[in-house]
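Here is the structure we will look at, set down as C-alpha cells.
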Amino acid sequence: MKLFGSVCLQDGASKLKVFLSHSTRDKEFVQRLATALEDADFKPWLCEVDIDRGQNFVTKINDGLGQSDLAILVWSPHAAESAWTEQEWTSALARQVEEHRIGLGIILLLFIIDPSRVK
Numbered sequence: 038m039k040l041f042g043s044v045c046l047q048d049g050a051s052k053l054k055v056f057l058s059h060s061t062r063d064k065e066f067v068q069r070l071a072t073a074l075e076d077a078d079f080k081p082w083l084c085e086v087d088i089d090r091g092q093n094f095v096t097k098i099n100d101g102l103g104q105s106d107l108a109i110l111v112w113s114p115h116a117a118e119s120a121w122t123e124q125e126w127t128s129a130l131a132r133q134v135e136e137h138r139i140g141l142g143i144i145l146l147l148f149i150i151d152p153s154r155v156k
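All the letters of the sequence shown, read from the start, carry residue numbers 38 to 156 under the working numbering.
See the structure below:
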C-alpha cells in the first residue's frame, strides 16, 4: 500500500482512484473536475464515462466505489434532491466505517443567482 496524505492506494495501483459522486445535473462541472484530476495524475471514476449503456447501473456504481481510494461528494442543490447521490454517499460512508479504507471528501457547489433574474 502507498500512502497519499491520509489515504492509502490499493496494492498495485499507481494513481489514486477518485470516485466522483454527483447529480448528473452537475455533470458539466464534474467533467471539468475530472479533467483537472486527470491532469494532476489522479484516476477519476465517473458514471457517465465508466458505465456503458445497458450495464447494471447499481452493480457498476458499487464496483466503482469498491475500486476507489477516495470518494468525493460534489454537494449542490441538485445533489441534495438526488436519490442516486444519496445512495452513493451512503455506500461510501458504510465502506469507510466497515473497512476504514476509502477516504471521503466534499466539494460544496453553490449557484450564484443574479438578483435581477429573480421575479
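Glycine is no exception: its CB is placed at the ideal position from the N, C-alpha and C atoms.
beta-carbon Ile98 near the ligand MN non-hydrogen atom, thresh 8 Å: Here there are no bound small molecules, and the ligand MN is not part of this structure.
7 Å Cβ shell around Gln104 - same chain, five flanking residues per side excluded: For the purposes of this step, residue 104 is taken as the residue at position 67 of the sequence shown. Result list for Gln104: Lys54, in chain order.
In chain order, each alpha helix (DSSP H) run of at least 4 residues that lies wholly inside the stretch 67-137: Every unbroken stretch of the alpha helix (DSSP H) spanning 4 or more residues and falling wholly within the stretch 67-137 is given here in chain order: 84-87, 94-104, 114-117, 120-136.
Cutoff 7 Å; reference His59; Cβ partners in own chain excluding five residues on either side: For this step, residue 59 is matched to residue 22 along the sequence shown. Only Val67, Val111, Ala116, Thr122 meet the Cβ criterion.
C-alpha gap between Ser51 and Leu147, whole angstroms: Here residue 51 refers to the residue found at position 14 when the sequence shown is read from its first residue. Here residue 147 refers to the residue found at position 110 when the sequence shown is read from its first residue. Going by the C-alpha atoms only, they are around 33 Å apart.
Local conformation of Lys54 per DSSP, three classes: Translated into the one-based positions of the sequence shown, residue 54 becomes position 17. Three-state DSSP puts Lys54 in a strand.
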